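Undergrad: Protein chains in written order, with the working numbering: chain A, 1 to 266; chain B, 1 to 341; chain C, 1 to 311.
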Amino acid sequence: MKGDLCLDKIFDILDVSYSYLPGYPVLSGISLSIKEGEGLVILGANGSGKSTLLKMLCGLIHPEEGQILAFGKELTEDALRDPKFLQDFRQKVGFVFQNSDAQLFSATVRDELAFAPLQAGLSKETVEERVADIAQLVGIGNLLDRAPYKLSGGEKKKVALACVLTVNPEVLFLDEPTNGLDPRTQFWLVEFLQALQAAGKTVIMATHDLSIVEELAQRVIIFREDHTIAADGAPLQVLSNRQLLLEVNLIHERSHFHLGGSRQHG
Amino acid sequence: MHIPDGYLSPQTDALLGIASVIAAAGAAYKTAHTLRAKYIPMLSIGAAFSFTIMMFNIPIPDGTTAHAVGGSLLAILLGPWAAMISISIALIIQALFFGDGGILALGANVVNMAVVLPFVSYGIYRLVAGKSVVSSKRHWIGAAIAGYVGLSAAALCAGIEFGLQPLLFHTANGTPLYSPYGLNIAVPAMLFAHLTIAGPVEGLVGALVVTYLQRTNPAMLQLKSNTEKSAGSFRYRTLIIGLLVLAVLSPLGLLASGTAWGEWGGEELQAKFGFIPNGLQKFGDFWHHAFLKDYGISGYDHTFWQQALGYLLSAFFGLLVIGMIALIVQRFLGRSQGRTS
Amino acid sequence: MELPDWLSEASPALCRCGCGGRRKGNFIEKTLRDIVKIIQDAVFSEEIARRPGFLQRLDARIKVISLIYLLIIVNLCAHLSLLWGFYLVLLAIAVLSKLPLRQVVARVWLVIPLFTGIMVLPSIFNWVRPGDPLWVIADFPHPLHLGYLSFPSVLAVTRQGLWGGIMLISRVGISVSLAVVLTLSTRWMDFLRALRTFFVPKIFIMTLEMTYRYIFVLVSAMEEMFLARKARDAGQSAPKEERRFVASAVGGLFGKSLQMSEEVYWAMTARGYSGEIRLLKSASLCWSDVLVLSLVVLAGLILIVANKVMG
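(1) Interface residues of chain C around N217/B at Cβ under 7 Å?
(2) What does W266/C reach in chain A if we use C-beta pairs closer than 7 Å?
(3) Buried or exposed: where does L340/C fall if 16 or more other Cβ atoms within 10 Å of its Cβ makes it buried?
(4) Report the rounded CA-to-CA distance for G21/C versus T31/C, giving the unit in angstroms.
(5) Buried or exposed for D8/A, going by 16 or more other Cβ atoms inside 10 Å?
(6) Between the Cα of K30/B and the Cα atoms of E161/B, W81/B, P4/B and T52/B, which residue gives the shortest distance?
(7) Closest Cβ-Cβ distance between V29/B and chain C: below 8 Å?
(8) I'd like to know whether the C-beta of A270/C is nearer than 8 Å to at least one C-beta of chain A.
(9) Cβ atoms of I92/B and L43/B: under 8 Å apart, would you say?
(10) So, at 8 Å on beta carbons, what are the nonlocal neighbours of E77/A in its own chain, with the 5 sequence-adjacent residues on each side left out?
(11) Where do the ends of the beta strand (DSSP E) carrying Y178/B lie?
(12) M1/B and A114/B: beta carbons closer than 8 Å?
(13) For chain E, check one thing: does any of its Cβ atoms lie closer than 8 Å to the Cβ of Y212/B?
(14) Rounded to a whole number of angstroms, what is the C-alpha to C-alpha distance between K293/B and M310/C?
(15) Report the three-state DSSP secondary structure of D175/A (helix, strand or coil).
(16) In angstroms, rounded to a whole number, what distance separates the CA positions of I34/A and I87/B?
(17) Just confirm the distance between the C-beta atoms of A299/C and F316/B, as a whole number of angstroms; I'd bet it's less than 8 Å.
(18) Under three-state DSSP, which class holds F169/B?
(19) Taking the alpha-carbon of L124/C as reference, which of M167/C, W266/C and V172/C has the nearest alpha-carbon?
(20) For the region 102–122 of chain A, which residues have a CB atom closer than 9 Å to at least one CB atom of chain C, in sequence order?
(21) What first and last residue would you give for the beta strand (DSSP E) that runs through R271/C?
(22) What separation, rounded to the nearest whole angstrom, lies between the Cα atoms of R81/A and G23/A?
(23) If we ignore side chains and look at the alpha-carbon of each, how far apart do A208/B and N217/B end up?
(24) For a test of the three-state rule: what should DSSP assign to E158/A, helix, strand or coil?
(25) Start and end of the alpha helix (DSSP H) containing S177/C?
(26) State the CB to CB distance for the pair E225/A and N249/A, rounded to an integer number of angstroms; the pair is presumed to be in contact (CB under 8 Å).
(27) If I follow the unbroken beta strand (DSSP E) through K9/A, where does it start and stop?
(28) Can you tell me which of E215/A, G180/A and N179/A puts its alpha carbon nearest to the alpha carbon of L193/A?
(29) Whole beta strand (DSSP E) runs in the region 100–169 of chain A with 3 or more residues, listed along the chain?
(30) Step through the CB atoms of chain C and report whether any lies within less than 8 Å of the CB of T196/B.
(31) Considering only their Cβ atoms, is the gap separating A70/A from F97/A smaller than 8 Å?
(32) Should A234/A be labelled buried (16 or more other beta-carbon atoms within 10 Å of its own) or exposed?
(33) Leaving aside the five residues before and after P134/A along the sequence, list all residues of the same chain whose C-beta is less than 8 Å from its C-beta, in chain order.
(34) What alpha helix (DSSP H) runs, 4 residues minimum, are completely inside the region 194–245 of chain A?
(35) Does any CB atom of chain A fall closer than 8 Å to the CB of Y87/C?
(36) Taking the alpha-carbon positions, what's the W287/B to L82/C distance?
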């Protein structure tokens, strides 16, 4: 199963544009490619189009212009109607949404974790085994029979992450993963994602939290406010360009951002 | 307007329950064709929304507050079929978890508030709004009238359901078994309360929200027409005919089940309704029972029912004792299995 | 950043003289109270359902079947003695299961007779519903005429009216008690899950479960709106403005709901949903569940047969 769709380049984005309302583009003429196992962080101010790009890569919305190749196949609404491709694709790609309340739609945490593997057609026993394993790994074993509305923000994020991991995706998209988390949970999340990266997963994040970049990124892409790409490169090179960060509104003139100072290990 | 259990006879509940199931099946079919895969989240959140708007208190002129049902608003925003499912689900959750409205009476509540209300409201709204532009006055005026008339129509249905009870279900001496008022009292009473307070509130909320949406987000008022365009052919005509037939037949069904019930409830209730201290004497009187005599099997029946009662009682206590012993044994051995649920 | 002058001034001191009086029936307070009540109800019943007890241990599926079955029986029984006999047994089981009596008894019997009682009160008089007089209240010399209406000269409480009223109140109260006992002893989640094993279409169950889930999201969104409004409410607003606020809150909530439903749809799609739902099933029943179910069925039959025997 693993080898048949696998290529070195997993995503190819060619000159893609998108707008929710005519005349107000959220992406204009984006081109880039993503390699397997890459730690990619997409930076940009609010509304620069980074979430839209993630949703597009996950096959939730489709470009108006240009095309996206996923695992060597064009990703269109039509292609996803093929049940075999759909199942493969959904199993390979996981998405952690910014709004955990929207992501956690099931009545209990257990149902939430079981949803994706059940949709993927795994047997009941496998599903239960996976649910138990992941719950233990993420540390939510005691929450399994709780209703999501009773969880704290940090717990919700952990459940959101866990419910994506139960299908064992190769590519993980995270939209603003650190938003609203306390420092301890943020730290836990970063370590957890590092462990996933070490296991060979491709982790792609959209954020405006510069502090997590150096922990998780091998590559950084910066979006301009006009919905085009301003920079694409290694974190050190991109983030040391203070003029650029100012220009795309990621930092303020008086903010004290500098590499290496954002987080202490301990 | 949530009817609790006990006001309507189980026969009425069953009939209205069947009607609501048929309507729900129609709605499921219809929405499945118009909204496609998106409809589960859409309907769930619609239902949660309709549950939530019942909690909004709105200040009314006399200084107190009232709250709207919101059914007509939902029909205007989502269309009558989707509104029907959303309101039904909200009603189920209210009945199961919050004790608003009965569980057996769910069918009746669904028919009144989730079928009659949204369809009447939607029809009126469409009629008044016509083909006018979204910003037109006709939309909020339509919403106001739709809310007022829709809720009153629902109240009328509830009034009729109440009013039929004493007509159909009473003991021979006229003691009502369920809701006591006939049509001549139940219908005007229900209508009065809804025409004067609840109806205007429903209309007001509808009009205010539609005006608000006209001002801030007119696209939401057009959701319905967009989804409707993709609707399939007119295949639910059979369903509507079925519903109409059912509506015509339902009074007959009520009558039929009513007489059946009256028969075996029988004349003996007449004399001994309520508790009579020397209840045992009844068993002696049983022989002279007119109703059973009519069928010429009184002797057999007498012993049959009494025997049945005896068998059932001994089975019950036998099972109870066995259960107790098993429980004690299980406790004693201390191997109560961990339960998974 | 330059602040405008008015923003850098201190606000006027609080008035301590108590002038102006109190406003009654504030709609914000009332709505907020309703919201808190919903959430309390949910949390409270969850807590009771977690306590150990006989009813709590029963499988939710058994409880759902029993609830519906017993409700039908209670509504078919036409003898007060049978109804109240049944109620006493129910109460005994509730006590054994350590359900709070205040909820089970007081909440039902303080509310039901009040509402149903007022509703049913006129029907006990012969002017409203003719019947055999039991107590004569007034005896006028001649029949009364009031426009089109004419009343008999005797005003009396009728036997049929009185017994009918008592019957209705008992029936409603006992039906509600039955529902209260079972909902208090069952976690809502288990209730919803129980429906999965019945022949309810999966789409319907999924919708029901999601509704249950999003009620809490929308209710807390609504709470935030009302709290934000309360924080800026100086008690000066006109009812007209208040109504407009409610309308914008409803409209805003609808917008939020739509957006949420779009996001939820994406979240479901991203995890492989394509129109078909697969759900985990509950564990199988154990012997004691089956035993209890048979006891309930027998008890119901006993009531019906006794009802017949008593005539």
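By construction, the Cβ of each residue, glycine as well, lies at the ideal position given by its N, Cα and C atoms.
All values derive from a computational prediction rather than experimental measurement.
TA: So, from the listed chains and residues:
(1) G255
(2) Against W266/C, the close residues of chain A are K55 and L60, in the order they occur along the chain (beta-carbon pairs closer than 7 Å).
(3) Outside the modelled stretch of chain C, which goes from 1 to 311, sits residue 340/C, for which no answer is possible.
(4) Note that G21/C has pLDDT 49, beneath the 50 cutoff, so the model's placement of it is unreliable and no number is given.
(5) So D8/A counts as exposed.
(6) Distances from the alpha-carbon of K30/B to those of E161/B, W81/B, P4/B and T52/B put W81/B closest.
(7) Inspection of the sequence shows that residue 29/B is occupied by Tyr rather than by Val. Among the residues facing chain C, Y29/B is not included, as its CB has no counterpart in that chain under 8 Å away.
(8) Between A270/C and chain A, the shortest Cβ-Cβ separation is below 8 Å.
(9) The answer is no: Cβ separation not under 8 Å.
(10) H62
(11) Looking at the DSSP string, Y178/B is not in any beta strand (DSSP E), and its letter there is neither H nor E.
(12) no
(13) The structure shown contains no chain E; the protein chains it does contain are A, B and C.
(14) Any answer about K293/B is weak, because its pLDDT of 40 lies below 50 and its placement is not dependable; what the coordinates show is given next. K293/B and M310/C have their C-alpha atoms spaced approximately 16 Å apart.
(15) strand
(16) 46 Å
(17) Contact annotation, A299/C with F316/B: C-beta distance approximately 6 Å; criterion of less than 8 Å satisfied.
(18) Coil.
(19) The residue you asked about is not Leu; residue 124/C is Ile in the sequence shown. Per the Cα distances, M167/C.
(20) A102, Q103, L104, F105, S106, A107, T108, R110, D111, A114, F115, A116, P117, L118, Q119, A120 and G121
(21) Note, R271/C: premise wrong, no beta strand (DSSP E); not H, not E.
(22) 29 Å
(23) Reading the sequence as shown, one finds Leu at residue 208/B and not Ala. Each residue's alpha carbon lies about 13 Å from the other.
(24) Checking the sequence, you will find Lys at residue 158/A rather than Glu. K158/A falls in the helix class under three-state DSSP.
(25) For S177/C, the enclosing alpha helix (DSSP H) starts and ends at R159 to L184.
(26) 6 Å
(27) K9 to L21
(28) E215/A
(29) Entirely contained in the region 100–169 of chain A, not one beta strand (DSSP E) run reaches 3 residues.
(30) no
(31) no
(32) exposed
(33) Note that residue 134/A is Ile in the sequence shown, not Pro. The answer, listed in chain order, is L113, A162, L165 and T166.
(34) 213–216 and 235–239
(35) no
(36) Here the model assigns W287/B a pLDDT of 37, short of 50, so the residue's position is not dependable, and the following value carries that caveat. Rounded to whole angstroms, W287/B to L82/C spans 22 Å at the Cα level.
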